[in-house]
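In order, the protein sequences belong to chains A and B.
Start counting at 1 in the first sequence, then tack on 67, and there's your number in the numbering used here.
Start counting at 1 in the second sequence, then tack on 3, and there's your number in the numbering used here.
Built from N, CA and C at the ideal position, the CB exists for glycine as well.
Owing to the predicted nature of the structure, the values given are computational and were not obtained by experimental measurement.
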Amino acid sequence: MAGLELLSDQGYRLDGRKATELRKVQARTSVFAQADGSAYLEQGNTKALAVVYGPHETRGSRSKSLHDRAVINCQFSMATFSTAERKRRPHGDRKSSEMSLHLKQTFEAAVLTELYPRSQIDIYVKILQADGGNYSACVNAATLALVDAGIPMRDYVCACTAGFVEDTPLADLCHAEESGGGTSLALALLPRSGNIALLQMDARLHQDHLDALIEAAMTACKGLSKVLDDVVRQHLEEVSVLTRD
Amino acid sequence: MRDTPLSNCERRFLLKAIEEKKRLDGRQTYDYRNIKITFGTDYGCCIVELGRTRVLCQVSCELVPPKDSRPTEGIMFFNLELSPMASPAFEPNRQSELLVMLNRQLERCLRNSKCIDTESLCVVSGEKVWQIRVDVHVLNHDGNLMDAASIAAISALSHFRRPDVAIQGRDITVFSPEERDPIPLSIYHMPICVSFAFFLQGSYLLVDPCEQEERVKDGLLVIAMNKHREICSIQSSGGIMLLKDQVLRCSKIASVKVSEITELINKALENDKKIRKEGGKFGFAESMPKERITTLKREEAPVEMADVKETANEIVNRTETPTEVVSSPVLVAMGTAQVGEGIVNSWGLDEDEEDEPQTEDTKTDDVMVISDSEEEEVVILNEEAQKSTKLSKRK
Numbered sequence: 068m069a070g071l072e073l074l075s076d077q078g079y080r081l082d083g084r085k086a087t088e089l090r091k092v093q094a095r096t097s098v099f100a101q102a103d104g105s106a107y108l109e110q111g112n113t114k115a116l117a118v119v120y121g122p123h124e125t126r127g128s129r130s131k132s133l134h135d136r137a138v139i140n141c142q143f144s145m146a147t148f149s150t151a152e153r154k155r156r157p158h159g160d161r162k163s164s165e166m167s168l169h170l171k172q173t174f175e176a177a178v179l180t181e182l183y184p185r186s187q188i189d190i191y192v193k194i195l196q197a198d199g200g201n202y203s204a205c206v207n208a209a210t211l212a213l214v215d216a217g218i219p220m221r222d223y224v225c226a227c228t229a230g231f232v233e234d235t236p237l238a239d240l241c242h243a244e245e246s247g248g249g250t251s252l253a254l255a256l257l258p259r260s261g262n263i264a265l266l267q268m269d270a271r272l273h274q275d276h277l278d279a280l281i282e283a284a285m286t287a288c289k290g291l292s293k294v295l296d297d298v299v300r301q302h303l304e305e306v307s308v309l310t311r312d
Numbered sequence: 004m005r006d007t008p009l010s011n012c013e014r015r016f017l018l019k020a021i022e023e024k025k026r027l028d029g030r031q032t033y034d035y036r037n038i039k040i041t042f043g044t045d046y047g048c049c050i051v052e053l054g055r056t057r058v059l060c061q062v063s064c065e066l067v068p069p070k071d072s073r074p075t076e077g078i079m080f081f082n083l084e085l086s087p088m089a090s091p092a093f094e095p096n097r098q099s100e101l102l103v104m105l106n107r108q109l110e111r112c113l114r115n116s117k118c119i120d121t122e123s124l125c126v127v128s129g130e131k132v133w134q135i136r137v138d139v140h141v142l143n144h145d146g147n148l149m150d151a152a153s154i155a156a157i158s159a160l161s162h163f164r165r166p167d168v169a170i171q172g173r174d175i176t177v178f179s180p181e182e183r184d185p186i187p188l189s190i191y192h193m194p195i196c197v198s199f200a201f202f203l204q205g206s207y208l209l210v211d212p213c214e215q216e217e218r219v220k221d222g223l224l225v226i227a228m229n230k231h232r233e234i235c236s237i238q239s240s241g242g243i244m245l246l247k248d249q250v251l252r253c254s255k256i257a258s259v260k261v262s263e264i265t266e267l268i269n270k271a272l273e274n275d276k277k278i279r280k281e282g283g284k285f286g287f288a289e290s291m292p293k294e295r296i297t298t299l300k301r302e303e304a305p306v307e308m309a310d311v312k313e314t315a316n317e318i319v320n321r322t323e324t325p326t327e328v329v330s331s332p333v334l335v336a337m338g339t340a341q342v343g344e345g346i347v348n349s350w351g352l353d354e355d356e357e358d359e360p361q362t363e364d365t366k367t368d369d370v371m372v373i374s375d376s377e378e379e380e381v382v383i384l385n386e387e388a389q390k391s392t393k394l395s396k397r398k
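In structure tokens form, the structure reads like this:
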């Protein structure tokens, strides 16, 4: 555990947050001109960039296209300068291909793919700076990019991590908290219906605490959905002012 | 070679069966298939059979320099391989989604849960540590590879023994098994994966899906637990919507299953130990049943026969009752038209012939035809049938 005290007696965490407090989330949409949709999101010190192309005709072999819905293609990568140790392979290793797979599955659940048969939607996500909660930052950024691209979804997909220290669930873990070897749970939620699009948990946790941990992560996701909604609304206001004439 | 796709008929059949809470092999919703664990002659080698799914696991070790970030910890390495031997759908040397998912899940289940004391694998800090390599090979794929792989990996790790080492000054001596007894790994707990398959948008759930069930599933939830009811990893996949209650319910089922399986593994390990001690025969060759033909052999599966007679009768009865009576052509009065149906062709027909179908009509019971014509309504009923036909004739 490296002797780090993750939760002080006063109830504060390493970076001075309370147990249920999220890190500051800042985001912008439409950051690229070429892409159909794009977004940049900062969640504390984790920075993610997401770009969406599509829906367009299936690239490559025809056999990949599905007759009843769109194929979602995700690529996750981490910038070589994103971590403390320089990364050799930005993408293609086991962890990043797993992450791509998870992103794909998350958005297959949330995007109304049946509206676009025989087509493809590309989502490219890049982590510019990694400070814990990479998966959740990617999901949140990609959601904004999909909204920006005008692709219909069931709801916002909000993702957040949660940990468990001394019988207290902690929301939105930073890197120091995540690498301590404690429990960490990543959850992607569709806040309005309360459906879980993806659930992933690592390290040991007693069964009885699972309920509290999932509940904490869900509350955090609901908080995030408000932030994302604000970002979208603000962007729309700005655009409508500019295009009024 | 690509896998043969499942036909729509098969798909519907399977889903219908799942809806009726029946499984092809006669299992209940939360039942596992038969699990059989056999150990090889070498330490750290085992084959796990889960129904017809068959997985081989081999654990090996070597001395390597440790990672810079963790100089006092041994290294665990997991590798799962899907050889084309197991299923025609598996291609050699290809990183398929399934392979990535299985490998990562195995890693997270066994490494991240810290079930093995890696610090005890350190020989000289910063210079030499043991690397434990776990190779899992899938021999036959009949669904639920994850559970089979995790059972195989943890059984093989518990069975494995590494050579003893002695350090004198700067010299490291590795003893052969003849010189000193090899040492087992220290295992804190045994995490075991339990897979739940979800069907029809998550409304139905099955434990231990077989290959065909896996093909019609919507999503999968894998929960790794140990017998102390601690969850070691959770992974949902396949783009399904889960509810919190479902996850909690699954974790409860998983805890029951895991304690059963742990007991089974312990029993198998003890059994093997006993036989080795007694000097009896052990290893794969000894534990295989002596049957010549193995591929054509089928396990006996109980088939539910409780209400077969009733259902059969019901089906027969249902087919005997005539299907919806399609109203036979009805002639309406001359000069009237029916929207949509058109008037009956009367070209080149004598009047007598024309009448024939009409009289037939009157015989059929329960037919009431209301013509769409605005001029008049012709109602054919049982009693008034004759009258009305006469009326229409006159006109």
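Residue i versus residue j - alpha carbon distance
i: residue 143 of chain A; j: residue 108 of chain A; result: 15 angstroms
i: residue 85 of chain A; j: residue 218 of chain B; result: 45 angstroms
i: residue 81 of chain A; j: residue 234 of chain A; result: 17 angstroms
i: residue 257 of chain B; j: residue 197 of chain B; result: 6 angstroms
i: residue 72 of chain A; j: residue 151 of chain A; result: 22 angstroms
i: residue 68 of chain A; j: residue 298 of chain A; result: With a pLDDT of 44 at residue 68 of chain A, under the threshold of 50, the predicted position of this residue should be treated as unreliable, though the coordinate-derived value follows. Approximately 37 angstroms, taken between the alpha carbons.
i: residue 217 of chain A; j: residue 261 of chain A; result: 23 angstroms
i: residue 276 of chain B; j: residue 259 of chain B; result: 26 angstroms
i: residue 229 of chain A; j: residue 313 of chain B; result: 54 angstroms
i: residue 79 of chain B; j: residue 109 of chain B; result: 12 angstroms
i: residue 244 of chain B; j: residue 263 of chain A; result: 5 angstroms
i: residue 168 of chain B; j: residue 204 of chain A; result: 47 angstroms
i: residue 121 of chain A; j: residue 225 of chain A; result: 21 angstroms
i: residue 112 of chain A; j: residue 265 of chain A; result: 23 angstroms
i: residue 311 of chain A; j: residue 114 of chain B; result: 58 angstroms
i: residue 100 of chain B; j: residue 156 of chain A; result: 19 angstroms
i: residue 315 of chain B; j: residue 88 of chain B; result: 42 angstroms
i: residue 104 of chain A; j: residue 295 of chain A; result: 15 angstroms
i: residue 317 of chain B; j: residue 25 of chain B; result: 19 angstroms
Collapsed DSSP secondary structure at residue i in the structure displayed
i: residue 182 of chain B; result: coil
i: residue 189 of chain B; result: coil
i: residue 82 of chain A; result: coil
i: residue 290 of chain A; result: helix
i: residue 12 of chain B; result: helix
i: residue 243 of chain B; result: coil
i: residue 266 of chain B; result: helix
i: residue 249 of chain B; result: helix
i: residue 262 of chain A; result: strand
i: residue 97 of chain A; result: coil
i: residue 176 of chain B; result: strand
i: residue 123 of chain A; result: strand
Min CB distance residue i to chain A below 8 angstroms
i: residue 2 of chain B; result: This structure cannot speak to residue 2 of chain B, because chain B is shown only from 4 to 398.
i: residue 230 of chain B; result: no
i: residue 82 of chain B; result: no
i: residue 107 of chain B; result: yes
i: residue 234 of chain B; result: yes
i: residue 242 of chain B; result: yes
i: residue 262 of chain B; result: no
i: residue 1 of chain B; result: Because chain B is modelled from 4 through 398, residue 1 of chain B falls outside the range shown and cannot be assessed.
i: residue 258 of chain B; result: yes
i: residue 111 of chain B; result: yes
Whole-number beta carbon distance between residue j and residue i, since they are thought to touch under 8 angstroms
i: residue 202 of chain B; j: residue 18 of chain B; result: 6 angstroms
i: residue 77 of chain A; j: residue 140 of chain A; result: So it is not a contact: roughly 47 angstroms between Cβ atoms.
i: residue 148 of chain B; j: residue 62 of chain B; result: Incorrect: roughly 18 angstroms between the Cβ atoms, too far for contact.
i: residue 209 of chain A; j: residue 174 of chain A; result: 7 angstroms
Minimum Cβ-Cβ distance from residue i to chain B less than 8 angstroms
i: residue 302 of chain A; result: no
i: residue 132 of chain A; result: no
i: residue 164 of chain A; result: yes
i: residue 175 of chain A; result: yes
i: residue 145 of chain A; result: no
Residue i - partner residues in DSSP beta bridges
i: residue 220 of chain A; result: A:178
i: residue 79 of chain B; result: B:135
i: residue 196 of chain B; result: B:227
i: residue 140 of chain B; result: B:59, B:84
i: residue 145 of chain A; result: A:194
i: residue 115 of chain A; result: A:108, A:194
i: residue 225 of chain A; result: A:256
Any non-hydrogen atom of the ligand SAM closer than 7 angstroms to residue i Cβ
i: residue 179 of chain B; result: The ligand content of the structure shown is nil, which means the ligand SAM is not present either.
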